[in-house]
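Visitor: Residue numbers (UniProt numbering): 1 to 152. From the three backbone atoms N, C-alpha and C, an ideal C-beta is built for every residue, glycine too. As the structure is a computational prediction, the values presented were derived from the model and not from experiment.
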């Protein structure tokens, strides 16, 4: 399990609004290129079609997009607690005759102040070091994208 936390320069409502749009996942989650939500959208029990890199590089340099062949995967939304928590699992396709273990993700939001949100991302399923690197890369990308309270 890997868990990372960071304070974002945006209100909890702004962060949640960004997360609640399924197609935004491809903007901040490493390895995911596109998301097609089912009719349930952003709700527990939803199953989304995801195009993702089959074997992404876990270095996840923030300035570079991951490369590799794309495979169709299924994202299953397990829990949605508005403005607080989103939990999902990425069920990866069969690769080289074996099913890769699912990757479970939890995103939790905490009110830090009117224009700040503490976000925790927890990843399990890849191994401790890789889980942490993936969570860290995702949170860095989310931080870069959701800056509604930042001043210039």
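1. Per the DSSP calculation, residue 124 is bridged to which residue(s)?
2. Using a threshold of 7 Å, state whether the C-beta atoms of residue 12 and residue 109 are closer than that.
3. How close, in whole Å, do the beta carbons of residue 4 and residue 142 come, if the pair is a contact with beta carbons under 8 Å?
4. Do you know offhand how far residue 175's Cα is from residue 115's?
5. Considering only their Cβ atoms, is the gap separating residue 70 from residue 90 smaller than 7 Å?
6. Might you give, ordered along the chain, the residues of its own chain that have their beta carbon closer than 8 Å to the beta carbon of residue 16, omitting 5 neighbours on each side?
7. Exposed or buried, what is residue 73 when buried is set at 16 or more other beta-carbons lying within 10 Å of its beta-carbon?
8. Residue 7 bridges to which residues according to DSSP?
9. With which residues is residue 41 paired in a DSSP beta bridge?
10. Would residue 10 be called buried (16 or more neighbouring beta carbons within 10 Å of its own) or exposed?
11. According to the Cβ coordinates, are residue 113 and residue 87 closer than 7 Å?
12. According to DSSP, which residues form a beta bridge with residue 73?
13. Leaving out the 5 sequence neighbours to the left and right, which residues in its chain are closer than 7 Å to residue 28 when beta-carbon positions are compared?
14. In terms of DSSP beta bridges, what is residue 80 paired with?
Guide: Well, looking at it:
1. 104
2. yes
3. At roughly 11 Å, the Cβ-Cβ gap does not stay under 8 Å, so residue 4 and residue 142 are not in contact.
4. No statement about residue 175 is possible, as the shown extent of the chain runs from 1 to 152 and does not include it.
5. no
6. 82, 83 and 109
7. buried
8. 118
9. Beta-bridge pairing links residue 41 to no other residue.
10. buried
11. no
12. 50
13. 138, 141, 142 and 145
14. 86
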